[in-house]
Each structure stands twice: as structure tokens, then as C-alpha cells.
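Undergrad: Counting along the sequence shown from 1, when you hit position 256 you're at 252 in my numbering, and nothing is skipped either side.
Built from N, CA and C at the ideal position, the CB exists for glycine as well.
Bear in mind that the values here come from a model prediction, so they are computed numbers and not experimental data.
Below is a structure I'd like to ask you about.
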Amino acid sequence: MVAMAAILVLSPAAFRTAFYETYLHVHIALVALVLAAWWIHIDGMQQMPYLQAVIAIWVAERALRLISLIYRNLARTRTRTHAEVEALPGDAMRITIRLARPVTLKPGQHIFFTLPPVGLWTDHPFSLAWSETTTTPASYDLEKGSKTPQITFDVLALPQTTVSLIIRRRGGFTGCLYKKCEASHNARISLPAFVEGPYGGSQVLHSYGTVMLFAGGVGITHQITSVRDLTAGYVSSTAAAQRVTLIWVIRSSEHLEWIRPWMTTMLSMPKRRNLLRIQLFVTRPRSTKEIHSPGNTVQMYPGKPNVDTLC
């Protein structure tokens, strides 16, 4: 009863957010304690098969996650999953992860991310901000005296998926990682990593003619993948969207640096001007000179948005 009461007391979202790592490990330990207490309490009773089934499901879920983790991050034909971390303005980090195996990703998905040098026993959920899959082509060699070119395939030149995250500095894991990155000579570090997932991403927006997406701060990571997917669907005529508006609220214009490479890519997509409108709201500009609209389809405003006027 004490363990179950402790699980209830520690379940509020405020505690989970403030002490995520502590909550996660304490929660797992308390659940194991509850199951052990039930086992002792109902030993020899007719309810025992139900408890055994619960434990079997839990153990199977943990085993499958471990197998998936090993498969996703280790491959014979290439090095293991690796992450490059870059410190950005506004206490943020851009993390680029090169996965050991290619994977198909959907908008709005998230992963569980572990950096053993920073925290071996901690995995944290983060939304995927961007992803790319690249393939190195085969090389062609023409031997002397031979009319037939030899095609040389590099066994390492397989499709490789790269995913990117934007993480805001907090306490614990993210604070430790930011300090480690900031202490390097160029504010960049490269570390071995583990990725579990992806998960989620079941919401599909292709059937809507008008789409408005709102984001605040690092919440842009969840929306930018949808914007990219809808724009690509508009070009290929696989999405019904005829107008997509992205509203992003940030404290400072320097936060634009978080997604600048991906924003440049999206703004250069074919027919983008016919579909996409971006409105940026800077709530704490240092001066009015920071508020500058690059064009008609990308506009910047001071303060917070008035949702009624946007609609």
C-alpha cells in the first residue's frame, strides 16, 4: 500500500517535469516492489495466474525494447549510432544523430535518446525536428584494355538516416550536456549515442484544406516536420492542403538560428510560395531593428499573436 501511495503522490505532471530522471527510476522501482508484494500476498491463491501474466507482459515489453535498442544502434556494416551536439543561442542545442540503420520516419514522431558519456541509465523523449536519408552511389572504374566498366560497390554505402533534435537547456541531463558542449573549443562535441524508437506520429493532416500550426520556443520541433510533409504533399498532389500557416512564438530573434538550415530548405521548395505562410512573433525583442520581415510569405511581429485576428 505504501508503494502504491507513493506512485500516486509522485504522479503529478509538475513533479515529472521537474525531476524526470528521478521520477522514472523511482516509478520503475516502486512498480517492481508492488508486484513483489502482490506475489507474496497471493502466493498459492487462484489469482496468481493473473499476476504472472502481468509480470510476463512487463518483462516481454522490456525485453523487446532492449532487442530493438540493440538492433537500431548496432550494425555490422557501419559504425554505431553517433551524435553531434552544437550549442546554440538561447540556451539551446542542435543535436544531429547518424543512425546505424536506416529508418522511415513520420511527422510528429519522437524518440528516446541516450548519451552514455553524459547519462548511461537515462533515456529522454524528444520530438524529431528534421530527418534525412542519404545514399552514396556506387563508383565506376574502367580498367586499362577493358571496354566494360567495373562497378564497385562500397558495402558501407548503404542508406543512412540522420535525425536532428532541438533541445532547450534545463537541469539534469540537458544542463550537463550543455555545459560539456559549451566547454569545447568550438561549442561542438561528438559522442556515441543510443536511440529508441521512433514512436507516435499517427496524426495525418493531408486531408485538410487549410492548416494552422502553432508553436512556442522549442515546440517548433513538432510542427516543422508537419510543415515539410504538407509542402512536399502539395507539390506531389498527395495532400489536400491549399494553405498552411505556421505561427511561431519566440522570446528573441536569435532563436531563429535553431532551425535556420531547415527553414532555408523549406523556403526553397518548389511551389512553396503558393502554400506556406510563416508568421514569427518575438515577445522580448532587444530593439525594434530586430523585427524585420524577409518577405510577404515570411513576416515578423513584436509581441504575442492575437489568435482571433489570425483566424
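Is it a yes or a no for the segment 186 to 196 touching the segment 103 to 118, going by three-plus beta-carbon pairs under 8 Å?
TA: Yes, they touch.
Undergrad: Is P298 near I287, with beta carbons less than 8 Å apart?
TA: Position 302 of the sequence shown, counted from the first residue, corresponds to residue 298. Position 291 of the sequence shown, counted from the first residue, corresponds to residue 287. The answer is yes: Cβ separation under 8 Å.
Undergrad: On the criterion of 16 or more Cβ atoms from any shown chain inside 10 Å, does T227 qualify as buried, or is it exposed?
TA: Locating residue 227 in the sequence shown gives position 231, where the first residue counts as 1. By the 10 Å Cβ count, T227 comes out buried.
Undergrad: What separation, rounded to the nearest whole angstrom, lies between the Cα atoms of H251 and A33?
TA: Working through the sequence shown from its first residue, we reach residue 251 at position 255. Working through the sequence shown from its first residue, we reach residue 33 at position 37. Computed Cα separation, rounded: 50 Å.
Undergrad: For M89, does the count of other Cβ atoms within 10 angstroms reach 16, so buried, or fall short, so exposed?
TA: If you number the sequence shown from 1, residue 89 lands on position 93. It counts as buried.
Undergrad: On the premise that V278 lies in contact with S232, defined as a C-beta separation below 8 Å, what is that separation, rounded to the nearest angstrom?
TA: As a first step, residue 232 must be located in the sequence shown, where it is residue number 236. As a first step, residue 278 must be located in the sequence shown, where it is residue number 282. The Cβ separation is near 34 Å, so there is no contact.
Undergrad: Just tell me which of M0, T260, V55 has its CA closest to the CA of L346.
TA: Because the chain spans -3 through 307 in this model, residue 346 falls outside it and cannot be assessed.
Undergrad: Please classify H120 as buried or exposed, where buried requires at least 16 other C-beta atoms within 10 Å of its C-beta.
TA: Locating residue 120 in the sequence shown gives position 124, counting from the first residue. Flag for H120 reads buried.
Undergrad: Is the segment 158 to 176 touching the segment 63 to 72 in the sense that three or more CB pairs, one from each, lie closer than 8 Å?
TA: Touching, no, given that fewer than three Cβ pairs across the two stretches are closer than 8 Å.
Undergrad: Roughly how many angstroms separate the alpha carbons of G205 and Q238, rounded to a whole number?
TA: One-based indexing of the sequence shown puts residue 205 at position 209. One-based indexing of the sequence shown puts residue 238 at position 242. Answer to the nearest angstrom: the Cα atoms are 5 Å apart.
Undergrad: Consider the C-beta atom of Q199 and the heavy atoms of the ligand ADP; say whether any pair is separated by less than 7 Å.
TA: No copy of the ligand ADP appears in this structure; indeed no ligand is present at all.
Undergrad: Taking the continuous beta strand (DSSP E) assigned at Q156, which residues delimit it?
TA: The residue you call residue 156 lines up with position 160 of the sequence shown. Counting along the chain, the beta strand (DSSP E) containing Q156 begins and ends at 156 to 164.
Undergrad: Does DSSP classify G229 as helix, strand or coil?
TA: Position 233 of the sequence shown holds residue 229. Helix.
Undergrad: Can you pull the DSSP bridge partners for S127?
TA: Taking the sequence shown and counting its residues from 1, the one referred to as residue 127 is at position 131. Partner(s): V159.
Undergrad: My output table needs one value for V200: the three-state DSSP class, helix, strand or coil.
TA: In the sequence shown, residue 200 corresponds to position 204, counting from 1. In the structure shown, V200 sits in coil (DSSP, three-state: anything other than H, G, I, E or B).
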